[in-house]
Amino acid sequence: MAREIITSQDILKITRAENTDAETSATSRINSRDGYFDRLFKYIPAELVAGYIFVLGTVKQLTDVEVARLVNWLIFAVFAILTPLYLNRVQKVAKTGQLIISTISFAVWVFALGGPFTLTEWYNPVYGSLLLPVFTLLVAIWEAD
Numbered sequence: 099m100a101r102e103i104i105t106s107q108d109i110l111k112i113t114r115a116e117n118t119d120a121e122t123s124a125t126s127r128i129n130s131r132d133g134y135f136d137r138l139f140k141y142i143p144a145e146l147v148a149g150y151i152f153v154l155g156t157v158k159q160l161t162d163v164e165v166a167r168l169v170n171w172l173i174f175a176v177f178a179i180l181t182p183l184y185l186n187r188v189q190k191v192a193k194t195g196q197l198i199i200s201t202i203s204f205a206v207w208v209f210a211l212g213g214p215f216t217l218t219e220w221y222n223p224v225y226g227s228l229l230l231p232v233f234t235l236l237v238a239i240w241e242a243d
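Numbered according to my numbering, the sequence shown terminates at residue 243, and the numbering increases by one at each position without gaps.
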């Protein structure tokens, strides 16, 4: 399964472009748009969330609070920047909307996990517990163009 969301617009574009053999073979492979669950899986950058969790486990060994705060925010920023780069370069996702949604999705997952937010005064784990399911259920309704 390709990582890029397939919309009704994509099917229409491919159908109109049936002039060459390469495009005809693409049409035979892509014959329907992604459903809700396909979009849900494609929007969540699971490999980046998993990588972040792994790195975060190592960072939790830091004992100096100020150093831990700085490193936590730095790791969050690095993975947030890596999300659209990885999806675009490795997974070949070209849709800007999908890249934005996936990056926001990464941030929501980090917020739900705690990450650097646990080192702030205002953070409460309940916020992430409420935000994650609501965001996850609503985001897949959108078809990224």
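Quick reminder that beta carbons are idealized off the backbone N, C-alpha and C, glycines included.
Checklist line | Delimiting residues of the alpha helix (DSSP H) encompassing T201 | finding: Within the sequence shown, numbered from 1, the residue matching residue 201 stands at position 103. First-last of the alpha helix (DSSP H) with T201: 194–211.
Check: Of the choices V176, K193, E219, I104, whose alpha-carbon is the least far from that of G149?
Finding: Taking the sequence shown and counting its residues from 1, the one referred to as residue 149 is at position 51. Cα-wise, what sits closest to G149 is V176.
Note to self: So, with DSSP's three-state summary, where would you put Q189?
What the structure shows: Position 91 of the sequence shown, counted from the start, is the residue given in the question as residue 189. The three-state reading of DSSP puts Q189 in coil, since its state is none of H, G, I, E or B.
Checklist line | Same chain, Cβ closer than 7 Å to V153, neighbours up to 5 away in sequence not counted | finding: Within the sequence shown, the letter at position 55 stands for residue 153. Taken in chain order, the residues that qualify are I173.
Next item on the list: Using a threshold of 9 Å, state whether the C-beta atoms of R137 and D108 are closer than that.
Entry: The residue labelled residue 137 in the question sits at position 39 within the sequence shown. The residue labelled residue 108 in the question sits at position 10 within the sequence shown. No, Cβ-Cβ distance for R137 and D108 is not below 9 Å.
Checklist line | Within 9 Å, strictly: CB atoms of I103 and K158 | finding: One-based indexing of the sequence shown puts residue 103 at position 5. One-based indexing of the sequence shown puts residue 158 at position 60. Result no, Cβ atoms of I103 and K158 do not sit closer than 9 Å.
Next item on the list: Tell me whether S130 sits in a helix, a strand or coil according to DSSP, three-state version.
Entry: For the purposes of this step, residue 130 is identified with residue 32 of the sequence shown, where counting begins at 1. Residue state, collapsed to three classes: coil.
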